[in-house]
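J.:
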Amino acid sequence: WIICCVRSVLLDSELNADALNYWLQEALEVHDGASKGKYTIGLGQDCMAFCSEVEDVISMSLTVVKSLLEKYHIDPKLIGRLEVGSETVIDKSKSIKTWLMQIFEESGNTDIEGVDSSNACYGGTAALLNCVNWVESRCWDGRYGLVVCTDSAVYAEGPARPTGGAAAIAMLIGPNAPISFESKYRASHMAHVYDFYKPDLASEYPVVDGKLSQTCYLMALDSCYRQYCAKYEKLVGEQFSISDADYCVFHSPYNKLVQKSFARLYFNDFMRNCSSVDNDAKEKLQPFANLTSEESYQSRDLEKGSQQLAKHLYDIKVQPSTLLPKQIGNMYTASLYAALASVIYNKHASLTGQRIVMFSYGSGLTSTMFSFKLNEGQHPFNLANIASVLDVTAKLESRHVINFLRFHTKL
2 WIICCVRSVL
12 LDSELNADAL
22 NYWLQEALEV
32 HDGASKGKYT
42 IGLGQDCMAF
52 CSEVEDVISM
62 SLTVVKSLLE
72 KYHIDPKLIG
82 RLEVGSETVI
92 DKSKSIKTWL
102 MQIFEESGNT
112 DIEGVDSSNA
122 CYGGTAALLN
132 CVNWVESRCW
142 DGRYGLVVCT
152 DSAVYAEGPA
162 RPTGGAAAIA
172 MLIGPNAPIS
182 FESKYRASHM
192 AHVYDFYKPD
202 LASEYPVVDG
212 KLSQTCYLMA
222 LDSCYRQYCA
232 KYEKLVGEQF
242 SISDADYCVF
252 HSPYNKLVQK
262 SFARLYFNDF
272 MRNCSSVDND
282 AKEKLQPFAN
292 LTSEESYQSR
302 DLEKGSQQLA
312 KHLYDIKVQP
322 STLLPKQIGN
332 MYTASLYAAL
342 ASVIYNKHAS
352 LTGQRIVMFS
362 YGSGLTSTMF
372 SFKLNEGQHP
382 FNLANIASVL
392 DVTAKLESRH
402 VINFLRFHTK
412 L
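Just so you know, we're using our numbering here: the sequence shown kicks off at 2 and counts up by one.
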């Protein structure tokens with residue numbers, strides 16, 4: 002698919018719904034002896050993809066890059082920068098980008114800048130921003146940038162295992178695209194935290210403090226949203242609220258966190274300007290107005306109440322982005338952009354003139370909020386054709402359900 006950045010930069014993308022193997026979350030509930038709905042309702046996930054013995058992040062990356070170039074008839078010589086975002090370590094020295102150079106060497110193109118970016122789930126956004134900054138700079142030579150997000154998320158047997166997944170996405174960056182990057186409103190929050198990390202380089206499994214990680218995610222979301230709103234208000238002269246976003250797309254380790262995140266933005270709007278919510282919401286949220294930030298992160302009553310109050314807006318502004326994340330699972334660096342692809346696939350006919358607000362998070366921690374404005378674009382880089390090339394439904398239907406016992410055996 003294509004995303005356009007400021008100054009009309011094109012971002013076109015191809016999704017790899019490989020890994021072609023997946024299992025049903027309800028089957029894992031039975032295997033784990035969990036209560037019915039713990040993973041499908043409690044986490045909000047339907048299925049989880051995983052790599053077979055002959056798949057990994059490199060093979061998935063090669064697939065999506067080759068597919069994107071072929072489907073949009075892009076000459077490999079027209080790629081001038083290639084950035085990869087991943088936290089899946091295949092080699093502690095050799096980058097995934099160098100593996101992808103095989104595609105370009107065949108055409109005689111070895112003059113391609115860029116390399117891998119890594120910080121948990123944020124590497125894909127770092128790769129995207131690197132390409133965008135290059136195209137917007139005096140160093141740009143007129144060729145396309147290419148961003149690849151690829152990961153295989155696996156966890157040790159236990160409560161975190163249902164939050165895995167696997168996928169790759171490739172995105173083409175260049176001029177005259179239907180998705181424009183609103184760079185002036187970009188806001189980041191970075192900090193030093195051990196919420197999720199991988200100290201054992203011989204193991205794919207992370208060390209995770211689930212409660213701390215959720216708090217860090219919401220804290221970073223709050224900080225980015227406040228800064229985004231401040232920058233918008235300074236430049237536009239009007240107060241920003243979620244009503245100014247047609248769609249909100251979040252990094253999605255699991256869907257329940259996405260629900261909580263949107264509700265958190267709703268609560269932020271109430272705290273910043275209570276007139277931005279209706280009278281019923283004012284009355285129900287007022288008891289939480291004097292909570293400290295830390296208290297608000299731990300309040301189950303606030304969490305539940307704000308989700309209920311925001312539900313009608315969630316269904317409109319967020320639900321269209323949840324198709325792929327719920328079907329594939331946590332894709333780490335690819336999660337945010339698979340969610341964006343879901344919006345384009347589901348709503349391409351009505352996206353012209355609309356704004357999509359994005360929130361990217363990587364444990365450790367790194368986070369950025371940014372936004373896109375959309376227009377129809379010109380063939381083949383138009384929204385309708387991008388949705389057609391994505392062909393999400395067919396890709397999901399082509400997958401194979403694998404018994405969860407086989408999945409456990411592979412790990």
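Even glycine gets a Cβ: it sits at the ideal position worked out from N, Cα and C.
Can you list, in chain order, the residues of its chain whose CB lies under 8 Å from that of V278, leaving out five sequence neighbours each side?
T.: Y267, D270, F271, L286, L310
J.: For H190 and E205, I'd like the C-alpha separation in whole angstroms.
T.: 27 Å
J.: Rounded to the nearest angstrom, what separates T394 and A168 at their Cα positions?
T.: 15 Å
J.: Can you tell me which of the three DSSP states I243 falls into?
T.: helix
J.: When burial is assigned at 16 or more other CB atoms within 10 Å of the CB, is G86 buried or exposed?
T.: buried
J.: Mind the definition here: the segment 213-232 touches the segment 363-383 only if three or more C-beta pairs lie below 8 Å; say whether that holds.
T.: yes
J.: Hey, which unbroken runs of the alpha helix (DSSP H) at 4 residues or more fall wholly within the segment 234-298?
T.: Counting only runs of 4 or more, we get 256-273, 280-286.
J.: Helix, strand or coil: which one does DSSP assign to S62?
T.: helix
J.: Measuring alpha carbon to alpha carbon, tell me which residue in I113, K348, M172 is nearest T64.
T.: M172
J.: Just to check my reading of the structure: T334 and G159 have Cβ atoms closer than 8 Å, yes? What is that Cβ distance to the nearest angstrom?
T.: At roughly 23 Å, the Cβ-Cβ gap does not stay under 8 Å, so T334 and G159 are not in contact.
J.: For L406, count neighbouring Cβ atoms within 10 angstroms of its own Cβ and tell me buried if that reaches 16, exposed if not.
T.: exposed
J.: Could you pull the DSSP bridge partners for M191 from this structure?
T.: T367
J.: Excluding the five sequence neighbours on either side, which residues of its own chain have a C-beta within less than 8 Å of the C-beta of L236, listed in chain order?
T.: K185, Y186
J.: Between L219, K93, F51, T216, which lies nearest to G165 when the distance is taken from Cα to Cα?
T.: F51
J.: Residue ranges of each beta strand (DSSP E) run of no fewer than 3 residues wholly in the segment 50-111, ordered along the chain?
T.: 80-86
J.: In this structure, how does DSSP classify G418 when only helix, strand and coil are distinguished?
T.: Because the chain is modelled from 2 through 412, residue 418 falls outside the range shown and cannot be assessed.
J.: What is the rounded straight-line gap between the Cα of T73 and the Cα of P381?
T.: Strictly speaking, residue 73 in this sequence is Tyr, with Thr absent from that position. So the two alpha carbons sit approximately 7 Å from each other.
J.: With a CB to CB cut of under 8 Å and the five nearest residues on each side skipped, what residues in its chain are close to E114?
T.: G81, R82, L83, W135
J.: Quick check on DSSP: helix, strand or coil for I387?
T.: helix
J.: In the structure shown, what three-state DSSP assignment does P326 receive?
T.: helix
J.: When DSSP labels each residue in this structure, what does R400 get in the three-state scheme?
T.: Coil.
J.: Going by the beta-carbon positions, is the gap between Y1 and S322 smaller than 8 Å?
T.: Coverage of the chain is limited to positions 2 through 412, which leaves residue 1 absent and any answer about it impossible.
J.: When DSSP labels each residue in this structure, what does P321 get in the three-state scheme?
T.: helix
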